[in-house]
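Only one structure is covered here, and it is reproduced in the block below.
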Amino acid sequence: VQLQAFGGGLVQTGGSLRLSCAASGSVFGINTMRWYRQAPGKQREWVAIISAVGTTTYSGSVKGRFTISRNNAKDTLYLQMNSLKPEDTATYYCYADDSRTGRGYWGQGTLVTVSS
50 VQLQAFGGGL
60 VQTGGSLRLS
70 CAASGSVFGI
80 NTMRWYRQAP
90 GKQREWVAII
100 SAVGTTTYSG
110 SVKGRFTISR
120 NNAKDTLYLQ
130 MNSLKPEDTA
140 TYYCYADDSR
150 TGRGYWGQGT
160 LVTVSS
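Position one of the sequence shown corresponds to residue 50 (this note's numbering), numbered consecutively onward.
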């Protein structure tokens, strides 16, 4: 499984961005998908998770502002980010669980910078 994340960029405080993560390869076993982020000098943290059937959970820092979704027909994961804050500045990574192999896969990351 290969994951390609894109959609990051520079945005002002209060703005919006939509991240995408396209999966390719042996995607049949992909189950839960997640977004993580890592700010400079900080540990990677979990942002949002979505099950194969669309059940979602969010970290407290983004709940109400971010929306995770997926299009299984297109093998693509999304993260709609609204009301962005400078503290949302980070490299965002997508992650997929393969229920057939028990393995997890990371995308390469896409940088989001929120200016104050």
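We put the beta carbon where it would ideally sit given N, CA and C, even for glycine. Everything numeric in this text was worked out from a predicted model, so none of it was measured.
Beta carbon of residue i nearer than 9 Å to that of residue j
i: ILE99; j: ILE117; result: yes
i: GLY57; j: LEU66; result: yes
i: THR62; j: LYS134; result: yes
i: TYR141; j: LEU68; result: yes
i: PHE55; j: ARG149; result: no
i: ALA101; j: ASN121; result: yes
Residue from the options with nearest C-alpha to residue i
i: TYR107; options: ALA122, ASN120, LYS123, TYR85; result: TYR85
i: THR81; options: GLY153, SER164, SER165; result: GLY153
i: ALA139; options: GLY74, GLN92, THR104; result: GLN92
i: ALA88; options: SER164, GLY151, ASP137; result: ASP137
i: MET130; options: PHE115, ASN121, CYS143, TYR144; result: PHE115
i: ALA71; options: THR105, LYS112, ALA145; result: ALA145
i: SER132; options: GLY90, GLN53, VAL163, LEU52; result: VAL163
i: ARG83; options: LYS112, TYR127, GLY151, GLY64; result: TYR127
Residue i, DSSP secondary structure in three states
i: ASP137; result: helix
i: VAL50; result: coil
i: ARG119; result: strand
i: GLY58; result: strand
i: ASN80; result: strand
i: ARG149; result: coil
Exposed unless 16 or more other CB atoms sit within 10 angstroms - verdict on residue i
i: VAL50; result: buried
i: VAL96; result: buried
i: THR159; result: buried
i: GLY109; result: exposed
i: GLY156; result: buried
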